[in-house]
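Accompanying notes for the structure given below.
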Amino acid sequence: MTVLKVVDVLSKFEYNQFIVESWVKGFWAKNRVYDLVKAKSSLQPRKFYFLDGPPYASAKSIHVGTAWNKVIKDIVLRYYRMSGYNVWDKPGYDTHGLPIEVKIEQSLGLQVKKDIYEKVGVENFISYCKAFVEENMKAMTGQFREVGVFMDWDEAYVTYTNEYIEAGWWLIKRAHDKGLLQKGYRVLHWCPRCETTLADYEVSEYRELEDPSIYVKFPVRGKPGEHLLVWTTTPWTLPANVFIMAHPDFDYVRVKVGDEVLIMAKARLKAIMEEAGVGSYEVIGELKGRDLEGLEYDHPLEDLVDAQKGLRDYHKIVLAPEGVVEYEGTGLVHSAPGHGTIDYDIGVRLGFPIVSLVDDSGRMGEGSGAYKGFYFRAEANKAIIEDLERRGALFYKSTVVHRYPVCWRCKTPLALRATNQWFITVTKLKEELIREADRIEWRPEWAKTRFMNMLQELRDWVISRQRFWGIPLPIWTCRACGYTHVVGSVKELEEMGGYRPEDLHRPWIDKVTLKCPKCGGVMERVPDVLDVWFDSGVSFYASLGYPMRRDLYESLEPADFIVEGHDQIRGWFFSLLRSGVIGFSKTPYRRVLVHGFALDEQGREMHKSLGNYVEFEELISRVPRDVFRLWVSSNTTWEDLRFSWKALDYTFRDFTVIWNTFVFASTYMGLDGFDPEAVTLDSVRGYLGVEDRWVISRVNSLVKKYNEAMGDLRIHDAARALRSFILDDVSRFYVRLVRRRVWEEADTLSKRAAYATLYYVLKTWLSLAAPIIPFTTEYLYQHLFKPAEKNAPESVHLLDMPSANESLIDEELERDMDIARSIIDAALAARAAAGLKLRRPVRRVIVAAKDSRVLEAVSRLSDVIGEMVNAKSVEVKGLEFLEELRVYTVKPRMGEVGRDFKKLTPVIVELMRDKAGEIARSITSKGYYEAQVEGENVRLEPRHVDIGVEYPEWLSARESELATVAVDTRISPEEEAEGYAKEVVRRVQHMRKEAKLMIEDKIEVWLSGDEGIIKAVEFFEEYVKGETRAVKINYEEPPGTVYSKEWDIEDKVITIGLRKV
RNA sequence: GGGCCCGUAGCUCAGCCUGGUGGAGCGCCCGGCUGAUAACCGGGAGGUCGGGGGUUCGAAUCCCCCCGGGCCCA
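Quick note on the numbering used here: the first sequence kicks off at 98 and runs consecutively.
Right, dumping it as structure tokens:
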């Protein structure tokens, strides 16, 4: 078999990347290529467990960043499959949670939570959520497939399934068994309109809001006239005040203002007095924060607030460095453990009561006395400030505008509020979490730093939400005796007297009651659902069916690789680790790669509201899939990606060059009937040219570099190396170099060697590139390589990843070629400077090497240099050679010379002209030139002169770092004639193309006009015939019947005619 | 306010870990090629390497401070 039969496909094909990709898509579907790839991988001995971070199925169209994310995953999976791993590639979808509930509420026009019960019913509501998510998943899967992601789409894991829910229950039970599951108060953001807690991640929207900014005086107990000064922007929390915090290390002052004494932080004194407009005050004492500890005070509103009655004993100063700052406030912080996170933690630590006076709807509730029924930010604030003022407890009041969290769906300002929630006390596992996190391999390394820092601030995990669309909390409480039981599985549910509902979601699960093992009473489920972060956190085992089946998880764990955006360091990476440690006391994953964000061209987030959002549909219709893939994978993975149509366009252009490279190969291999199975690299080893050995070395170096980069998860390094190899090394250098060998008509060994080399290099590259540009590589493989080999696998994706053949790597040769390329550049520049067209051969190029390494390299590669710069010979000389030819000009800088040498100036100017060479050499080498002029010692320095270098007219020279390269521009009559012959050849070729002749077509040529040119062609007739595939040249006016054209070659006119024979 | 990241040519980005004369692509100007060709190649102009300080013989690179942007928290 040969590649002959496919030539036409590639060369005649009008290249269209979109058509290429559609063809491949069809090919994959028709031949079930994913199944084949999967089947091959499943036979491999080494496991590679990839765990997909499930995208949130809340929309139909994926974000550019989501596409990037999946492409990274796909590249890694494809790489490991080709490298001989049994790859686990199940994708997943995250499907529960409030954001989805809200979308459904919006689509149904529901206003408040109550509407769900009253207007639609929970049962219907859940069905809507499910249907919505299913539609989204279907659309998203289609898009992931569209960009070529080879994952097990038919077996995707979905978090809303009964199996998944049951797996989630298992972990809650685990936490319970370990004594980590608790119920208690937690301070969380609460939306008073939606009447629900909001998860941390839901507190994402802030508004600039105006709030009171008040300084309140809390009387020091037993010291009339002395007050603790406290600052707050939330007067509504004052009725719930329990204690005041101070920083042990700060300096505090006692300040006399009028006839009162105020205590506050020294660092804040000036600012506060300025703000309050108090001109005269006197510091009468200074003390450390720690000296304030235990100081008791009275609450200024004690008699108005019922709840305050029982708090007298707790009203004192508590040392709490974490709650006090020096840049704002007074250094004394009013603490309401029912309304502040730090306040709460300290309150609990001290065993102080937790007072929360705001109810579900945001109004002051039981215990708030005079303020009962007042809405927290409105009436309550107003009334409290008035009361304080009336009582003389207000030092100063104004307002501030600051960022305040609002509910992201109804924009209502949120309240921090202690509510009863279920949580897992992961803080007890802190050391274990840190130990396990430390074992994980992070890319890049700073992700680890970030993760570790976060673990230092670990807080307990509040898992309960008062919502519907989520994993129901598997906790049942006895109506009679209050006994609580955690259910770990459906089986346990049945054993406890319950039953298996068809769907484990609310509301069906709510109807399942159990029999209390303590008193035999009826147990009902706690109505909460789980935080949606819990869902994805258990994916590492839940997606494998654990614990209902154990074998799969046990054989695969831990996950070998996960990758997500850097926002997931605190998100999924953390929730996974948390779940892993709770469930199995170890990290569920061993390697993490972090990727950046897809931003717009200005570096802003892409949002529909900003108008800079790129729809997937638009992306995929404007940009071929592989172009997108190559572009995103070239971006440094962990850095943000700035989306740019222009950048994609440029990447697209590279594909043309890649394509042309393969077309070049297939065209000539096809013409000559090259058979890669007969003419192997081994069989032509003795005939390899130096450029062949070079490119073979380069491709093996590439394989090495590529494998190292991929193994280290530096995908962008791999992608960039691939790109620059095919574009710079192969297309722009090697192909240019071998064209002449390939154009030979005869079947030479040199040509065979070139083909064998090219075939080997391109096929190797194709294998390496397959994970990154799976469509293009498949097309080229199917059309060029597969038909040429008898036992070639069905698809390029079934090939084995090449490993570097170190024996073919010749580092010295690669280094030498680098030198040669630099010399070539210099020579081309020298030619350009002399206005010599590349088509015109030059007699010789002289390379004056700056060191022996350059000298050796140029000697070794002189043929390559000669070919590339179209020189008959390349002479290598030492630096001294050109030095002899050099002519220096030394121009005096009259200002400097005049100032320094006064009267001697004219003589010195003359000297510079006469001894230019000597002076120039001396100044350039030693830095000065000394001479006796009219009996005086004269010292010329660089500032006195402008030194110029000139070469003889027939030499065009170029200085480079490695050498001075000079082109001998003299042309003999014969060379001039050859130049003309080439000009004619070029024009004939052009006309051949215009006449739409095939490369192999033979022609007859007519030539008339300028005598010099005719003579030149006659002289080089064999050459001209060979180049143009002309069987005959007639030196006469072309007959009217043939295709003819008049040409102007350097002002000489000729007429060329030709016809196919 | 904190942690981490980024800030290099007009634009997009390499180089920084392991200090040693600043790179690529695109754009611009000039030239070339035309048997890979709705391509391609060469040359040129263009940079206080965000700012400041320090370490060093030597800093884009290491350290500190500041400014601007991002992510995650507060």
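Heads up, the beta-carbon is just placed ideally off N, CA and C, and yes, glycines get one too.
- Y1026 carries a strand assignment under DSSP once its states are collapsed to helix, strand and coil.
- One alpha carbon belongs to F752, the other to H602, and they sit about 50 Å apart.
- According to the DSSP assignment, K848 belongs to the alpha helix (DSSP H) that extends over 846 to 866.
- Distance between A515 and P434, taken at the CA atoms: about 8 Å.
- Secondary structure of Q518 (DSSP, three-state): strand.
- Contact between the segment 150 to 170 and the segment 185 to 198 is present: three or more C-beta pairs spanning the two stretches fall below 8 Å.
- For the pair R1156 and R1083, the Cα-to-Cα distance works out to about 16 Å.
- S1069 places its beta carbon 8 Å or farther from that of A931.
- Within the DSSP bridge table, the entry for Q279 names F520 as partners.
- At a Cβ-Cβ threshold of 8 Å, D348 and E383 count as neighbours.
- Distance check between K157 and each of Q240, W165, V184, H582 places Q240 closest, using alpha-carbon atoms only.
- Between the segment 1085 to 1097 and the segment 1119 to 1131, the count of Cβ pairs shorter than 8 Å is three or higher; the stretches touch.
- Here K615 is exposed: its Cβ has fewer than 16 other Cβ atoms, across all protein chains shown, within 10 Å.
- Contact between L148 and Y686 holds, with the beta-carbon distance rounding to 6 Å and staying under 8 Å.
- With a minimum length of 3 residues, the unbroken runs of beta strand (DSSP E) contained wholly in the segment 283 to 361 fall at 302 to 316, 323 to 329, 340 to 343, 348 to 354.
- Comparing alpha-carbon positions, the option among Y710, Y146, R178, R983 lying closest to L895 turns out to be R178.
- Around the C-beta of N338, 16 or more other C-beta atoms lie within 10 Å, and the residue is accordingly described as buried.
- By the Cβ-count criterion, M991 is exposed, with fewer than 16 other Cβ atoms from all chains shown falling within 10 Å of its own Cβ.
- Where A945 is concerned, there is no enclosing alpha helix (DSSP H), although the beta strand (DSSP E) around it starts and stops at 939 to 946.
- In chain order, R1040, H1041 place their CB closer than 6 Å to the CB of E993, counting only its own chain and leaving out the 5 sequence neighbours on each side.
- For P434, the secondary structure class from DSSP, reduced to helix, strand or coil, is coil.
- Per the coordinates, the alpha-carbon of Q879 lies some 9 Å from the alpha-carbon of V121.
- In the DSSP assignment, F145 falls outside any alpha helix (DSSP H) and within the unbroken beta strand (DSSP E) covering 143 to 146.
- Taking all protein chains in view, the Cβ of A136 is surrounded by fewer than 16 other Cβ atoms within 10 Å, so the residue is classified as exposed.
- In the three-state reduction of the DSSP assignment, Y1140 falls in the strand class, which pools E and B.
- Scanning the segment 969 to 1017 for uninterrupted alpha helix (DSSP H) segments of 4 residues or longer gives 976 to 982, 991 to 998, 1002 to 1011, listed from N- to C-terminal end.
- Cβ contact annotation for V966 (same chain, cutoff 7 Å, sequence separation greater than five): I921, A924, L925, R928, V942, in chain order.
- The Cβ atoms of A404 and G459 lie no closer than 8 Å to each other.
- Straight-line measurement puts the Cα of D723 at about 9 Å from the Cα of G245.
- Secondary structure at T610: coil, using DSSP grouped into helix, strand and coil.
- Listed in chain order, the non-local C-beta contacts of V609 below 8 Å within the same chain comprise L590, G595, Y596, P598, R622, local neighbours out to five positions each way being set aside.
- Contact check for L863 and T874: beta-carbon distance about 5 Å, within the 8 Å limit, so the pair qualifies.
- Annotated as distal: D600 and T256, with beta-carbon spacing of 8 Å or more.
- In this structure C578 is exposed. Its beta-carbon is surrounded by fewer than 16 other beta-carbon atoms within 10 angstroms.
- For the set V584, V117, K588, K314, the Cα lying nearest the Cα of T329 is the one of K314.
- Excluding its 5 nearest sequence neighbours in each direction, V691 has C-beta neighbours in its own chain below 6 Å: A544, H663, W735, listed in chain order.
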